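Accompanying notes for the structure given below.
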Amino acid sequence: MVRPESIHRAWWETDYRVRLPAGGYASIRCGRPLPGVLLDLLPGTDAPWGYLTAWNPAGVRLPARTNRIRLRRLRDELKADQHRYYIGIGVGTSGWRETSLFVPGIRYAHLDALARRFGQSGLVRGTGAAPAELHDLI
(Lines of atoms letter the chains of each structure in order from A and count residues from 1; the text may use other names and numbers.)
(Lines give C-alpha, C1' and ligand atoms only; values in the text may rest on other atoms or scores of the structure.)
Protein backbone atom coordinates (compact mmCIF):
# COMPACT_ATOMS: atom_id res chain seq x y z
CA MET A 1 0.00 0.00 0.00
CA VAL A 2 1.34 3.42 -0.92
CA ARG A 3 0.66 6.31 1.44
CA PRO A 4 -0.69 9.47 -0.21
CA GLU A 5 1.95 12.19 -0.52
CA SER A 6 -0.32 14.61 1.38
CA ILE A 7 -0.28 12.33 4.45
CA HIS A 8 3.48 11.83 4.24
CA ARG A 9 3.99 15.59 3.97
CA ALA A 10 1.65 16.27 6.92
CA TRP A 11 3.58 13.81 9.11
CA TRP A 12 6.92 15.23 7.92
CA GLU A 13 5.84 18.78 8.83
CA THR A 14 4.40 17.87 12.25
CA ASP A 15 6.01 19.36 15.37
CA TYR A 16 6.71 16.37 17.63
CA ARG A 17 6.90 18.00 21.07
CA VAL A 18 8.34 16.39 24.19
CA ARG A 19 7.58 17.73 27.67
CA LEU A 20 10.87 18.26 29.51
CA PRO A 21 11.41 17.13 33.12
CA ALA A 22 12.35 20.69 34.19
CA GLY A 23 9.39 22.25 32.34
CA GLY A 24 8.79 23.49 28.82
CA TYR A 25 9.20 21.31 25.78
CA ALA A 26 11.59 20.45 22.97
CA SER A 27 10.54 19.77 19.37
CA ILE A 28 11.57 16.84 17.22
CA ARG A 29 11.41 17.61 13.49
CA CYS A 30 11.85 15.02 10.75
CA GLY A 31 15.13 15.45 8.90
CA ARG A 32 16.70 17.48 11.73
CA PRO A 33 19.05 16.39 14.52
CA LEU A 34 17.57 15.48 17.89
CA PRO A 35 17.68 18.58 20.12
CA GLY A 36 20.51 18.53 22.66
CA VAL A 37 18.16 18.63 25.63
CA LEU A 38 16.58 15.36 24.38
CA LEU A 39 19.96 13.87 23.54
CA ASP A 40 20.77 14.28 27.25
CA LEU A 41 17.86 11.92 28.07
CA LEU A 42 19.33 9.05 26.03
CA PRO A 43 21.23 6.28 27.84
CA GLY A 44 24.19 6.89 25.48
CA THR A 45 25.14 9.30 22.71
CA ASP A 46 24.44 6.70 20.00
CA ALA A 47 21.34 5.17 21.58
CA PRO A 48 18.17 4.67 19.55
CA TRP A 49 14.98 6.51 20.43
CA GLY A 50 11.40 6.59 19.27
CA TYR A 51 8.33 8.81 19.27
CA LEU A 52 4.99 7.06 19.02
CA THR A 53 1.35 7.21 20.01
CA ALA A 54 -1.54 4.85 20.62
CA TRP A 55 -4.12 7.45 19.53
CA ASN A 56 -6.31 7.21 16.44
CA PRO A 57 -5.16 3.88 14.93
CA ALA A 58 -4.74 4.00 11.16
CA GLY A 59 -5.63 7.70 11.28
CA VAL A 60 -9.21 7.03 12.36
CA ARG A 61 -10.32 9.54 15.01
CA LEU A 62 -11.46 7.88 18.21
CA PRO A 63 -13.22 9.47 21.19
CA ALA A 64 -10.84 11.20 23.61
CA ARG A 65 -11.67 8.73 26.39
CA THR A 66 -10.80 5.76 24.15
CA ASN A 67 -7.52 7.40 23.11
CA ARG A 68 -6.59 8.03 26.76
CA ILE A 69 -7.22 4.38 27.61
CA ARG A 70 -5.10 3.26 24.65
CA LEU A 71 -2.24 5.57 25.66
CA ARG A 72 -2.40 4.29 29.26
CA ARG A 73 -2.03 0.73 27.93
CA LEU A 74 0.99 1.76 25.86
CA ARG A 75 2.54 3.43 28.92
CA ASP A 76 1.87 0.29 30.98
CA GLU A 77 3.62 -1.87 28.36
CA LEU A 78 6.63 0.44 28.31
CA LYS A 79 6.82 0.41 32.13
CA ALA A 80 6.57 -3.40 32.18
CA ASP A 81 9.50 -3.52 29.75
CA GLN A 82 11.39 -1.04 32.00
CA HIS A 83 11.48 1.73 29.40
CA ARG A 84 11.46 5.36 30.48
CA TYR A 85 9.23 7.64 28.47
CA TYR A 86 8.33 11.31 28.31
CA ILE A 87 4.90 12.65 27.42
CA GLY A 88 4.63 14.62 24.23
CA ILE A 89 2.14 15.90 21.72
CA GLY A 90 2.34 15.80 17.96
CA VAL A 91 1.02 19.07 16.54
CA GLY A 92 0.23 19.03 12.84
CA THR A 93 0.05 22.11 10.63
CA SER A 94 -3.68 21.41 10.12
CA GLY A 95 -4.34 21.47 13.87
CA TRP A 96 -4.38 17.67 14.26
CA ARG A 97 -2.99 16.81 17.72
CA GLU A 98 -2.14 13.48 19.29
CA THR A 99 -0.70 12.81 22.73
CA SER A 100 2.46 10.76 22.20
CA LEU A 101 5.50 9.36 23.97
CA PHE A 102 9.24 9.94 23.49
CA VAL A 103 11.06 6.72 24.43
CA PRO A 104 14.84 7.00 24.81
CA GLY A 105 16.88 3.83 24.37
CA ILE A 106 14.17 1.65 22.78
CA ARG A 107 15.34 -0.76 20.07
CA TYR A 108 13.75 -0.23 16.65
CA ALA A 109 12.30 -3.76 16.48
CA HIS A 110 10.54 -3.28 19.81
CA LEU A 111 9.36 0.21 18.84
CA ASP A 112 7.91 -1.06 15.55
CA ALA A 113 6.19 -3.99 17.29
CA LEU A 114 4.55 -1.68 19.83
CA ALA A 115 3.41 0.76 17.16
CA ARG A 116 1.90 -2.05 15.09
CA ARG A 117 0.19 -3.55 18.13
CA PHE A 118 -1.49 -0.19 18.71
CA GLY A 119 -2.55 0.12 15.06
CA GLN A 120 -0.11 2.84 14.02
CA SER A 121 0.91 3.33 10.39
CA GLY A 122 4.13 5.19 11.14
CA LEU A 123 6.35 6.70 13.80
CA VAL A 124 9.36 8.95 14.23
CA ARG A 125 12.70 7.50 15.32
CA GLY A 126 16.40 8.11 15.33
CA THR A 127 19.78 7.21 16.73
CA GLY A 128 21.60 9.69 18.94
CA ALA A 129 21.82 13.16 17.41
CA ALA A 130 21.32 11.88 13.84
CA PRO A 131 18.39 13.39 11.93
CA ALA A 132 14.94 12.17 12.97
CA GLU A 133 13.35 9.88 10.43
CA LEU A 134 9.72 9.24 9.57
CA HIS A 135 9.38 5.46 9.58
CA ASP A 136 6.49 3.94 7.63
CA LEU A 137 4.96 0.75 9.03
CA ILE A 138 2.73 -0.16 6.08
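Just so we're aligned: 77 in the working numbering is position 83 of the sequence shown, and the numbers increase by one with no gaps anywhere.
Don't be surprised by glycine CBs; every beta carbon is placed ideally from N, CA and C.
Here the structure is a predicted model, which means the values were calculated and not measured.
- Excluding residues up to 5 positions away in sequence, P27, L28 and L33 lie with their Cβ nearer than 6 Å to the Cβ of A123 in the same chain.
- Comparing C-alpha distances from R3 to each of K73, C24, G82 and N50 shows the shortest one belongs to C24.
- In this structure, the CA atom of E(-1) is about 31 Å from the CA atom of R67.
- Taken atom to atom, the span from the alpha-carbon of L72 to that of I63 is near 14 Å.
- By DSSP's assignment, I81 forms a beta bridge with L95.
- Contact between Y79 and R69 holds: their C-beta atoms lie close to 7 Å from each other, under 8 Å.
- The DSSP-derived three-state label of G89 is coil.
- Counting only runs of 4+ residues, the alpha helix (DSSP H) found wholly inside the region 13 to 68 occupies 30 to 33, in chain order.
- Contact check for A52 and G89: beta-carbon distance about 20 Å, past the 8 Å limit, so the pair fails to qualify.
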